[in-house]
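Step one of this worksheet: look at the structure below.
Protein chains: 2
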Amino acid sequence: MKTRPLSSEALDLVARRFAVLAEPMRLRLLQLLFDGEKNVNALVELTGGTQANISRHLQTLTESRLLRRRKEGLQVFYSIADPTIFKLCELVCGSLEKEHTAMAGVFRRE
Amino acid sequence: MKTRPLSSEALDLVARRFAVLAEPMRLRLLQLLFDGEKNVNALVELTGGTQANISRHLQTLTESRLLRRRKEGLQVFYSIADPTIFKLCELVCGSLEKEHTAMAGVFRRE
DNA sequence: ATCTTATATGATCATATACGTATATCATTG
DNA sequence: CAATGATATACGTATATGATCATATAAGAT
């Protein structure tokens, strides 16, 4: 895998994408949307967050094109727009899990 | 892919991992280490950053177990410890690239 | 037009963190 | 035991961003 170095602008974009994913509440929202679209109110209730806060996070996720927005009457429905987040989260979770078991083994005596 | 919801603590860990990756300079360092281990001074020169700043970023990356630290005399060599970053960066870059070309196409007339 | 409901936004405050300067630690050499 | 060289850390400052409260917008109902 011989990749030429990314430009400074490209690195900024990649960093920005990671930053969007670096909030537990946003990860929670993404996870809740894994099994299909939901409206804001549903997400507010499922997360227990305030309406204002959830709305802002949804905005952040939509601006970065991870979510899609669909307006229907009074309600707004959000859904996953970028399927790579599935793999992304899977990768990170797998890596962390591995680390965790490895850490646990450090002090184990046999 | 039926995944049960992650616990709040797990979400914090995942968010933390993403946060570590959310800095352009750290991404730059990771990228420079893609083709093998380097010592701090080399990384300082290659990035043009200050020694203090690079050292701190390397610490952050090592604490999160993305890098491995090897001390040899006066020098300290860092190298990639978690191979999932390759795929992680690949995924994000691919997704962003796709978006970019899609965005470019929005205003294209044929 | 007024009222209600669902969602978005402005203002503010608190917290986190990146950066630079200066200094400390640690290993090597004389 | 200095003195030197490579790396790490303490501290201050500037900036970014998350949470909350209050309010605004927008769409539908009366």
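Respectively, the protein sequence lines represent chains A and B.
Reading the first sequence from the start, the letters are residues 1 to 110 in our numbering.
Reading the second sequence from the start, the letters are residues 1 to 110 in our numbering.
Ideal Cβ positions, reconstructed from N, Cα and C, are used throughout, including at glycine.
Compare the Cα-Cα distances from residue i to each of the options and report the closest residue.
i: residue 7(A); options: 10(B), 18(B), 32(B) and 14(B); result: 32(B)
i: residue 44(B); options: 72(B), 29(B) and 36(B); result: 29(B)
i: residue 51(B); options: 76(B), 68(B), 72(B) and 36(B); result: 76(B)
i: residue 20(B); options: 98(B), 108(B) and 88(B); result: 88(B)
i: residue 81(A); options: 105(B), 104(B), 99(B) and 38(B); result: 99(B)
i: residue 5(A); options: 108(B), 106(B), 93(B) and 105(B); result: 93(B)
i: residue 72(A); options: 105(A), 49(A) and 38(A); result: 38(A)
Report yes if the C-beta distance between residue i and residue j is below 9 Å; otherwise report no.
i: residue 27(B); j: residue 15(A); result: yes
i: residue 70(A); j: residue 64(A); result: no
i: residue 54(A); j: residue 62(A); result: no
i: residue 40(A); j: residue 66(A); result: no
i: residue 91(A); j: residue 101(B); result: no
i: residue 13(B); j: residue 96(A); result: yes
i: residue 11(A); j: residue 24(B); result: yes
i: residue 86(B); j: residue 34(B); result: yes
Kindly list, in the order they appear in chain A, the residues whose Cβ is closer than 8 Å to that of residue i.
i: residue 84(B); result: 91, 92, 94 and 95
i: residue 74(B); result: None at all; the shortest Cβ gap to chain A is about 28 Å.
What residues of chain B sit near residue i, judged by a beta carbon separation below 7 Å?
i: residue 65(A); result: 99
Tell me residue i's beta-bridge partners as DSSP assigns them.
i: residue 87(A); result: Per DSSP, none; premise fails for residue 87(A).
i: residue 67(B); result: 80(B)
i: residue 39(B); result: 77(B)
i: residue 72(A); result: 75(A)
For residue i, go through chain B and note every residue whose CB falls closer than 8 Å to its CB, in chain order.
i: residue 88(A); result: 88, 91 and 92
With a threshold of 8 Å, establish whether the CB of residue i neighbours any heavy atom of the ligand SAM.
i: residue 84(A); result: Among the components of this structure there are no ligands whatsoever, and the ligand SAM is therefore not found.
Residues within the region 6–31 of chain A neighbouring chain B, beta-carbon criterion of under 9 Å: The region 6–31 of chain A vs chain B, Cβ under 9 Å: 6, 8, 10, 11, 12, 13, 14, 15, 16, 17, 18, 19, 20, 21, 22, 23, 24, 25, 26, 27, 28 and 31.
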